[in-house]
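Number of protein chains: 2
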Amino acid sequence: MGRPTKPILSRGRICAAALAIVDQDGLAELSMRRLARELGVQVSSLYEHVKTKDDVLNEVANTIMEDVEVSGFETGDWRHGVASWARSYRAALAAHPQIVPFLAYGPARREASLRRADAVHGGLVGAGWPPRYATLIGASTKYLVIGSAMSSFAGGFDDDVQVYVERYPHLAGAHRLRGRAGVIDRDSFELALEMFLDGLTALHARVAAPPEPAGP
Amino acid sequence: MGRPTKPILSRGRICAAALAIVDQDGLAELSMRRLARELGVQVSSLYEHVKTKDDVLNEVANTIMEDVEVSGFETGDWRHGVASWARSYRAALAAHPQIVPFLAYGPARREASLRRADAVHGGLVGAGWPPRYATLIGASTKYLVIGSAMSSFAGGFDDDVQVYVERYPHLAGAHRLRGRAGVIDRDSFELALEMFLDGLTALHARVAAPPEPAGP
DNA sequence: AACGGCTTCCGAACGATGTTCGGTCACCCA
DNA sequence: TGGGTGACCGAACATCGTTCGGAAGCCGTT
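Those sequence lines, one after another, are chains Y and E. For the first sequence, the residue numbers in my numbering are 1 to 216. For the second sequence, the residue numbers in my numbering are 1001 to 1216.
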């Protein structure tokens, strides 16, 4: 068949199609052959634009991370900065829950993530947190977000809930909330974040450096 | 070759070997063929004792979860109960970091996890927490543990750190702590847990039911 | 205007994976 | 003593990610 008059593929189109498949049918359903079929093309053609399957997934991951906001450190105090970072981080993952298991493999290595980690660290230090605390707070917040995205209630319980309800009395009430799993997810995350920040606020008063004086 | 005089395989031996492989060489290195080779046996023989590869991994996961302790609710107040649960949960995962990505796929569905979720929920309600808060606190704590286990297992930063150090000034100090990554992980988790519990303690005073009166 | 090289897609193949199926033979109970 | 069940083997299947040689449209050069 040879070269087509107008290019069919591009790195962007491939990654977009990959994300669509993952969003719709899950990470396990993404294969290079499926991807090619979806794009009306043969498998080997993909490798002209993309190095490996992992390459595709990494690009998709980076794209998703672009939506994470760290600008809150400029428009408010450190608490507002952390909170808005955490919420937009979680929102970005929640928008594509199926890819989270892949994301979690090495988020720190990703370019976009690193840029944000730097901003967070800087924002915290600027607010008087000792550098070591800044590191810990950044990591802790990430734990919350990743943990929330990974073990979200929504994926936890599936259809055959009845079995458990009978066997574990204390959980019966909790299970009745199924279907509203998304709400529990959000509320749990919010509770964890607020309690964490409450605790940090008290700690900040004890360990933070005094604000920089105005002039020399 | 036919039937051997003494059985070579058993479900237990297979799962133990699987865990050994995963611990030593990672989740990606676990294949049925490798597993068979390690046990001095042919691949198809495994399927006499085990339904699928996922079956093996699930059994391994359950085994690991057995080490999680929820007895803290009987030996102390709710705060002690949550803290000791969270710590033993994290310790169990940290003992086998390579399997965490698999674990995180559906921990709530697992038998052992459910039994513990029930105990935690009961312990919290018994301490006066409204049932809904008990659910949220259980989920939040799990977020912390899973998130901590996930993003620490990933190794976060790897060898070619130099690149990032130059590019992201605020992270330079944080990177110098590499090699002590394990310490940062533990400290971050402890900080998050303590701050979270501090926040909850204040909340408990506002929303908890009064303790049950002694007699009628 | 003809040609040569680069780009882009195709077809077939490779090795590895999870799983299945029919065969073989030792053990144990009748 | 014989037959059935249990435990291992060998070969095969479909699927996966990836590679490689070939075909053919496009563009710049001569």
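Backbone N, C-alpha and C define an ideal beta-carbon position, used for all residues, glycine too.
| query | result |
| --- | --- |
| Uninterrupted beta strand (DSSP E) stretches inside the region 95-152 of chain Y (no shorter than 3 residues) | none |
| Within chain Y, partners of P1210 (chain E) - CB distance below 8 Å | Within chain Y, no residue comes near P1210 (chain E); the closest Cβ sits about 20 Å away, beyond 8 Å. |
| Within-7 Å CB hit, L1030 (chain E) to chain Y | no |
| Contact belief for S140 (chain Y) with S1140 (chain E) at Cβ below 8 Å, rounded distance in angstroms | About 13 Å separates the two Cβ atoms, so there is no contact after all. |
| 8 Å Cβ cut-off: residues of chain Y touching A1202 (chain E) | D198 |
| Test: Y1143 (chain E) CB closer than 7 Å to a CB of chain Y | yes |
| Sequence-distant residues of its chain with Cβ nearer than 8 Å to T1135 (chain E) (five each side left out) | H1121 |
| E59 (chain Y) classed as buried or exposed, judged by whether at least 16 other C-beta atoms fall within 10 angstroms | buried |
| Euclidean distance between Cα positions of V964 (chain E) and S44 (chain Y) | What the structure shows of chain E is the stretch from 1001 to 1216, and residue 964 (chain E) is not part of that stretch, so it cannot be assessed. |
| Neighbour-count burial assignment, I8 (chain Y), 16 or more Cβ in a 10 Å radius | exposed |
| Residues of the region 113-129 of chain Y with Cβ closer than 8 Å to any Cβ of chain E, in chain order | L114, R115, A117, D118, A119, H121, G122, V125 |
| Beta carbon of A1096 (chain E) nearer than 7 Å to that of D1025 (chain E) | The identity of residue 1096 (chain E) in the sequence shown is His, whereas the question assumes Ala. Not in contact: H1096 (chain E) and D1025 (chain E) (Cβ atoms no closer than 7 Å). |
| Within chain E, partners of M65 (chain Y) - CB distance below 7 Å | Going along chain E, no residue has its Cβ under 7 Å from M65 (chain Y), so there is no contact; the nearest lies around 14 Å. |
| Chain Y residues whose Cβ lies nearer than 8 Å to that of G1147 (chain E) | K142, Y143, L144, V145, I146, G147, S148, M150 |
| R1033 (chain E), enclosing alpha helix (DSSP H) - first and last residue | 1032-1038 |
| Stretch-stretch touch, CB-based, cutoff 8 Å, three pairs: the region 44-53 of chain Y with the region 69-76 of chain Y | no |
| Distance CB(S1113 (chain E))-CB(M1065 (chain E)) smaller than 7 Å | yes |
| Cβ-based contacts, 8 Å cut-off: residues of the region 90-102 of chain Y near chain E | P101 |
| Beta-carbon proximity of W1078 (chain E) to L1124 (chain E), cut-off 7 Å | yes |
| CB contact check: L218 (chain Y) to chain E, cutoff 7 Å | This structure leaves residue 218 (chain Y) out entirely; chain Y is present only between 1 and 216. |
| Three-way DSSP call (helix, strand, coil) for A1181 (chain E) in this model | helix |
| Whole-Å CB distance - L1144 (chain E) paired with F1196 (chain E), under 8 Å assumed | 7 Å |
| Spatial distance of P1130 (chain E) from V100 (chain Y) (CA atoms) | 31 Å |
| Rounded straight-line distance, which links the Cα of K1142 (chain E) to that of G1156 (chain E) | Only weak support is given to the placement of G1156 (chain E): the predicted model assigns it a pLDDT of 47, under 50, and the value that follows is read from those uncertain coordinates. G1156 (chain E) and K1142 (chain E): Cα-Cα distance of roughly 21 Å. |
| Neighbour-count burial assignment, G81 (chain Y), 16 or more Cβ in a 10 Å radius | buried |
| Chain E contact for D187 (chain Y) (CB, 7 Å cutoff) | yes |
| For I1021 (chain E), the three-state DSSP class (helix, strand or coil) | helix |
| Bounding residues of the alpha helix (DSSP H) (the contiguous stretch that carries V57 (chain Y)) | For the record, residue 57 (chain Y) in the displayed sequence is Leu; it is not Val. Run containing L57 (chain Y): 53-65, per the alpha helix (DSSP H) assignment. |
| Contact check, A1017 (chain E) vs E1038 (chain E), beta carbons under 7 Å | yes |
| Same chain, Cβ closer than 8 Å to D160 (chain Y), five either side skipped, listed in chain order | Residue placement at D160 (chain Y) is flagged as unreliable, the pLDDT there being 46, under the threshold of 50; a coordinate-derived value is accordingly withheld. |
| Helix, strand or coil at I1008 (chain E) [DSSP, three-state] | coil |
| Rounded separation between R33 (chain Y) and Q42 (chain Y) - CA only | 8 Å |
| Three-state class that DSSP yields for D77 (chain Y) in the structure shown | coil |
| C-alpha gap between R1087 (chain E) and G1182 (chain E), whole angstroms | 15 Å |
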